[in-house]
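Student:
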Amino acid sequence: MKIKQEISRVLTEFNFDRMSFDEASKQLFDLYVVVKCNCDESKQLEEEFEIHHLINDTYQVIGKDSNTVWKQGTLEDCNEWVML
């Protein structure tokens, strides 16, 4: 996935009212997580994760030691990410 192209696509759809602010925010956050994970993979960090419920059906995967948000989405998305 080309990150710059994906960010541009999300912002374009949001600007033309084809995507809600919440959906655009979620997709941009997911892209941030992908970039952050790719950067941090080289560090070979091992960390335990917790899944926290936010509002509605939104959850976050948070690192216990670093307090970093690694993933945000549905419970299924978060569980799947932790299992990788």
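The sequence shown stops at residue 87 when you use my numbering, and every number in between is there.
Glycine included, every Cβ here is placed at the ideal spot set by N, Cα and C.
1. Kindly list the residues whose CB is nearer than 6 Å to the CB of Trp84, restricted to its own chain and excluding five residues on each side of it in sequence; keep chain order.
2. With a cut-off of 8 Å on the beta carbons, I'd call Leu34 and Ile54 a contact; round off their distance for me.
3. Which residues does DSSP pair with Glu53 in a beta bridge?
Tutor: Well, looking at it:
1. Val64 and Lys74
2. Cβ atoms of Leu34 and Ile54 stay farther apart than 8 Å, at about 20 Å.
3. Ile65
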